[in-house]
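Colleague:
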Amino acid sequence: MLRSSATDVDLPGSGQGATSIQTRSRKLSPTEQLIADIITAGGELRIDRSVDPTNYKVRVASAIAFGKVPEGKQLVMEVDGGWRNLVLRLQDKPAWMTAQLAPIPVPRQLRNPHGAVRALLNDRSRFNVSRPVRDRALRLLQALVAESERRGYQARSARPIDISVRSRRVQPTALLSIVIDSHAVPLNLSQDHSWNAPQPDMATLVIEVIGGREYRKSRWTDGQLPLEEQLPEILQEAELRAAFAKEERLAVERERRDLRRRWEAAMEAARERFREAHRAEVLMRQLKDWTAAADLDQYLAALEVKIANMPESEERSAAMEWLDWARNYRGGLDPLNNRLAMREDPQPTAANLQPHLGPWSFYGPFERP
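Numbering (this note's numbering), first residue to last: 154 to 522.
(1) Contact check, residue 423 vs residue 509 under 8 Å by CB: the rounded distance?
(2) Starting from the Cα of residue 345, find the closest Cα among 333, 425, 396, 360 and give me that residue.
(3) What does residue 417 pair with, by DSSP beta-bridge criteria?
(4) Within its chain, find whatever has a CB closer than 8 Å to the CB of residue 487; leave out the 5 residues flanking it on each side and keep chain order.
(5) Alpha carbon to alpha carbon, what distance is there between residue 438 and residue 448?
(6) What residue range does the alpha helix (DSSP H) around residue 483 cover?
(7) Give a yes or no on whether the minimum CB-CB distance between residue 307 and chain C is below 8 Å.
(8) Assuming residue 213 is part of the alpha helix (DSSP H), what are its boundary residues?
(9) For residue 301, report the span of its alpha helix (DSSP H) as first-last.
(10) Residue 257 and residue 379 - do their beta-carbons sit closer together than 8 Å?
(11) Can you name the start and end residues of the alpha helix (DSSP H) that residue 185 belongs to?
(12) What residues in its chain sit with their C-beta under 7 Å from that of residue 366, if we drop five residues either side in the sequence?
(13) Excluding the 5 residues flanking residue 540 on each side, which residues of the same chain have their C-beta closer than 8 Å to its C-beta?
(14) Going by DSSP in three states, residue 326 sits in which element: helix, strand or coil?
(15) Report the rounded CA-to-CA distance for residue 402 versus residue 440, giving the unit in angstroms.
(16) Could you give the distance in angstroms between the alpha-carbon of residue 269 and the alpha-carbon of residue 399?
(17) So does the segment 186-195 actually touch the segment 206-220, counting three or more Cβ pairs closer than 8 Å?
(18) Let's test the definition: count the other Cβ atoms within 10 Å of the Cβ of residue 500 and tell me whether it reaches 16, buried, or not, exposed.
(19) Can you find the residues in the same chain that come closer than 8 Å, C-beta to C-beta, to residue 233, ignoring five residues on each side of it along the sequence?
(20) So the candidates are 519, 309, 427, 463; which of them puts its Cα closest to the Cα of residue 504?
(21) At what residues does the beta strand (DSSP E) containing residue 337 begin and finish?
(22) According to DSSP, is residue 255 part of a helix, a strand, or is it coil?
(23) Could you pull out every residue in the same chain whose Cβ sits closer than 7 Å to the Cβ of residue 272, ignoring the five residues on either side in sequence?
(24) DSSP on residue 232, reduced to helix/strand/coil?
(25) Taking the alpha-carbon positions, what's the residue 331 to residue 298 distance?
(26) In terms of residues, what are the limits of the alpha helix (DSSP H) holding residue 271?
(27) Measure the alpha-carbon distance for residue 248 versus residue 293 and round it to whole angstroms.
(28) I'd like to know whether the C-beta atoms of residue 245 and residue 263 end up nearer to each other than 8 Å.
(29) Starting from residue 378, trace the beta strand (DSSP E) in both directions and tell me its first and last residue.
(30) What are the boundary residues of the alpha helix (DSSP H) that includes residue 506?
(31) Using the DSSP secondary-structure output, state which residues sit across from residue 197 in a beta bridge.
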């Protein structure tokens, strides 16, 4: 890994902008050294983990947690083409990360709640929070639902199908879902019952966004900021996950359309190969019959000479009868005596088309051959 030992390196400081430090005057911490190495490498540092055993996952997490990443940048760690090839990159923060989020108003009283919120009023089995914070919890959900619908989304009581089954970790039970572009993002609100939770009348509430790709995080709780001030982030997370799910769905649809287009092209090519193979088979059969007819002409000529030299007898009569039949047969055998035209192609079936399809199935683009 590159080391900065005698040059000025710009690292994030505690004031405005970055602070220039002399690496000879102060030894860099491991996280500062990591940032310096990435900057020296032009913003992207490639690591061969077969020769560098450093735990970069921990080092990257420390750099982020302790504010060592330059302002306006984010530190990204990726694997490129196999476990050995690690890429550390400083890149601009995405727009969503720097967007100014408008506050979401929380009603002071719960009046005329949305149907998904009203369904929780007397549902102790799903909505199990203590009485002192129950009203606040419902108002928080009402605020999220009202803002969602103001933005043109829908809200509904959560359904089991709303939670992705692709995730193997245990998912919390959803109370309601925000439906954005036909994608349901489940939400849950619960009470922190951990050993260090405050008294029931000061209980900490937790809001979770369930399933999908995580952007900021999946769990928000009363901490340095009350949940009321974190609602914009929570709804933004739902929007980001819905947008990603939409892109995934569109990508799958594009892939399926591409597969069908390629299958249809393969089917047409297979039909053409089948037609060509069938016509070639007819042609070679005609050639074989024509060659046999030409050979038969010589035999029939010899047979006719033989019979002409035979005396009148029952045997000669039988031979003449045989010659007449052979001549008729020869006439039917010769393809030049029949209509010369392209034969009608047979209707292709799975059995005779599959050999021309390669890896594709006769029955569709998503079936195995």
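Backbone N, C-alpha and C define an ideal beta-carbon position, used for all residues, glycine too.
Modeller: Result, derived from the coordinates:
(1) 4 Å
(2) 360
(3) Paired residues: none, contrary to the question.
(4) 442, 443, 446
(5) 15 Å
(6) 467-486
(7) Of the protein chains in the structure, only one exists, and it is not chain C.
(8) 209-218
(9) 284-303
(10) no
(11) 183-193
(12) 394, 397
(13) A query on residue 540 cannot be resolved here, the shown segment of the chain reaching from 154 to 522 and no further.
(14) coil
(15) 56 Å
(16) 24 Å
(17) yes
(18) exposed
(19) 199, 239, 240
(20) 427
(21) 336-344
(22) coil
(23) 310
(24) strand
(25) 7 Å
(26) 268-271
(27) 26 Å
(28) no
(29) Taken as a continuous stretch (DSSP letters only), residue 378 belongs to no beta strand (DSSP E), as it is neither H nor E.
(30) 503-506
(31) 242
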